[in-house]
Structure formats: C-alpha cells, structure tokens
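Contents: one structure, followed by commentary.
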Amino acid sequence: MDIMLDRARLREALTGLNAAITAFDEAAAINNDLEEAVDRPDDRSSLRDKVGDFESAWNRKRDKLNENLGSIRDQLTSIVDNWDQWDTETAAELESAGSEQTTSARIARIQ
Numbered sequence: 039m040d041i042m043l044d045r046a047r048l049r050e051a052l053t054g055l056n057a058a059i060t061a062f063d064e065a066a067a068i069n070n071d072l073e074e075a076v077d078r079p080d081d082r083s084s085l086r087d088k089v090g091d092f093e094s095a096w097n098r099k100r101d102k103l104n105e106n107l108g109s110i111r112d113q114l115t116s117i118v119d120n121w122d123q124w125d126t127e128t129a130a131e132l133e134s135a136g137s138e139q140t141t142s143a144r145i146a147r148i149q
C-alpha cells in the first residue's frame with residue numbers, strides 16, 4: 039500500500055488556517071466597536087440593541103469556530119511534524135543501511 043502525502047500542500051493549508059484564526063481574532067476587536075458606532079439615532083436605542091444582540095451572537099459563534107479552527111490547526115501541525123520526523127528518520131536509516139552494504143561489498147572484494 040502506497041501513501042501519497044503532499045506535505046507542501048499541508049503546510050499551505052496550515053498557513054491558511056493560521057491566517058483565518060488571525061482574521062477572526064482581529065474581527066473580534068473590530069466587531070466590538072460596531073455597537074458604539076451606531077449610537078442612538080433619534081434618541082432611540084432599538085437599533086443599537088439589535089446591533090448588540092447581533093454582536094453577542096456572532097461573538098459566541100466566532101469563538102466556537104475559532105476554537106474548531108485551532109483544533110484542526112493543532113491536528114494538522116501534528117500530522118506534518120510527525121511525517122517530517124518519519125521522513126528524516128527513514129532517510130537516515132536508508133542511508134545508513136546503504137553505507138553498511140557498500141562497506142560489506144568492499145570488504146568482500148578485498149577478501
């Protein structure tokens with residue numbers, strides 16, 4: 039069974055996840071200013087209250103989404119890191135095995 043894994047694409051996905059998480063974090067600060075910007079047109083607070091309700095609901099959903107993105111990022115980071123480690127270790131083992139075979143072949147020719 040062959041395993042095809044494009045680690046470059048996984049790293050690109052990781053970069054995208056990090057950008058999305060950063061954007062959600064920055065959006066929280068911008069969104070919090072929205073209610074203040076609406077103020078009280080015609081001395082009525084109903085629009086401001088609606089904006090406040092929207093902000094509260096969106097903050098909860100954004101926090102949950104951001105939490106999920108963070109979890110995906112952590113899992114993807116683990117996959118990339120573990121495959122990188124496996125690749126490095128396997129390459130070293132194959133290189134070592136190749137050196138040993140070459141050395142054994144040279145010794146056999148000398149004898």
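Quick note: the sequence shown, position 95, residue 133 per the numbering used here, numbers continuous.
Where a beta carbon is used, it is the ideal one built from N, C-alpha and C, also for glycine.
Please decide whether alanine 75 counts as near chain C, where near means a Cβ-Cβ distance under 8 Å. You won't find chain C in this structure, because it holds only one protein chain.
In this structure, does DSSP put isoleucine 117 in helix, strand or coil? In the structure shown, the three-state DSSP call for isoleucine 117 is helix.
Rounded to a whole number of angstroms, what is the C-alpha to C-alpha distance between serine 109 and arginine 82? If I take the Cα positions, the gap works out to 42 Å.
With a Cβ-Cβ cutoff of 8 Å, do arginine 45 and tryptophan 121 count as a contact? In this structure, tryptophan 121 lies closer than 8 Å to arginine 45 by Cβ.
Local conformation of arginine 82 per DSSP, three classes: In the structure shown, arginine 82 falls within a coil segment according to DSSP collapsed to helix, strand and coil.
Do you know offhand how far aspartate 119's Cα is from aspartate 77's? Distance from the CA of aspartate 119 to the CA of aspartate 77, rounded to the nearest whole angstrom, comes to 49 Å.
Are the stretch 88–107 and the stretch 127–134 touching by the rule of at least three beta carbon pairs closer than 8 Å? Segments in contact, no.
Who are the near neighbours of threonine 53 in its chain, counting only those whose CB is closer than 8 Å to its CB and skipping five residues on each side? Within the same chain, threonine 53 has no close Cβ partners at all.
Cβ atoms of asparagine 56 and arginine 100: under 8 Å apart, would you say? No, the Cβ-Cβ distance between arginine 100 and asparagine 56 is not below 8 Å.
Sorted by chain position, which residues of the same chain lie with C-beta nearer than 7 Å to alanine 58's C-beta, five sequence neighbours on each side aside? Excluding the 5 residues flanking it on each side, alanine 58 has same chain C-beta neighbours closer than 7 Å at Leu107, in chain order.
I need the boundaries of the alpha helix (DSSP H) containing leucine 72, first residue and last residue. Unbroken alpha helix (DSSP H) run through leucine 72: 72–76.
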